[in-house]
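Colleague: Have a look at the structure that comes next, please.
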Amino acid sequence: MGNVVVASPNLAVIVSGYRGQRILIGQCGFAIWCIEEAHNLSLEIMTITVNSSDAETVKGVKINMKAFAQVKVKTRVDGKLDMASIKLAATNFLSASEREIEDSLQK
Numbered sequence: 002m003g004n005v006v007v008a009s010p011n012l013a014v015i016v017s018g019y020r021g022q023r024i025l026i027g028q029c030g031f032a033i034w035c036i037e038e039a040h041n042l043s044l045e046i047m048t049i050t051v052n053s054s055d056a057e058t059v060k061g062v063k064i065n066m067k068a069f070a071q072v073k074v075k076t077r078v079d080g081k082l083d084m085a086s087i088k089l090a091a092t093n094f095l096s097a098s099e100r101e102i103e104d105s106l107q108k
């Protein structure tokens, strides 16, 4: 009749379908198998490598640079869940692999 979905504290499970959209973080829920789908969105920190070639400094000197950045979905504001940020991340990255997310963040 349906599936029980469980979201760990570092994972957002987005259940969407007939009953609307629900976001589960650190809790469990129920998805009716024929009219709803459940997708996972990682809330962990991702480290990406940013390569810049032929970048110019303020003084016009060309340099090649390699940097590392750590990115994360903002989940809390003043101790409360920030659903707007989670929905925005789900809209942009829900069906993407980690490599696709890294490529889109480097642009």
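The C-terminal residue of the sequence shown carries number 108 in our numbering, and the numbering is unbroken.
Glycine included, every Cβ here is placed at the ideal spot set by N, Cα and C.
#1: Around the Cβ of Leu42, are there at least 16 other Cβ atoms within 10 angstroms (buried) or fewer (exposed)?
#2: Looking at the secondary structure, which residues open and close the beta strand (DSSP E) in which Arg100 lies?
#3: Considering only DSSP beta bridges, list what Cys29 is partnered with.
#4: Check whether the Cβ atoms of Ile26 and Ala8 sit closer than 9 Å, and answer yes or no.
#5: For Ala97 versus Ser105, is the C-beta spacing smaller than 9 Å?
Modeller: Considering the structure as presented:
#1: Your numbering for residue 42 matches position 41 in the sequence shown. Its Cβ being crowded by 16 or more others within 10 Å, Leu42 is buried.
#2: Indexing the sequence shown from 1 puts residue 100 at position 99. Segment Glu99 to Gln107 is the alpha helix (DSSP H) holding Arg100; no beta strand (DSSP E) there.
#3: Taking the sequence shown and counting its residues from 1, the one referred to as residue 29 is at position 28. Partner(s): Val7.
#4: Within the sequence shown, numbered from 1, the residue matching residue 26 stands at position 25. Within the sequence shown, numbered from 1, the residue matching residue 8 stands at position 7. Yes, the Cβ-Cβ distance between Ile26 and Ala8 is below 9 Å.
#5: As a first step, residue 97 is located in the sequence shown; it is residue number 96 there, counting from the start. As a first step, residue 105 is located in the sequence shown; it is residue number 104 there, counting from the start. Yes, the Cβ-Cβ distance between Ala97 and Ser105 is below 9 Å.
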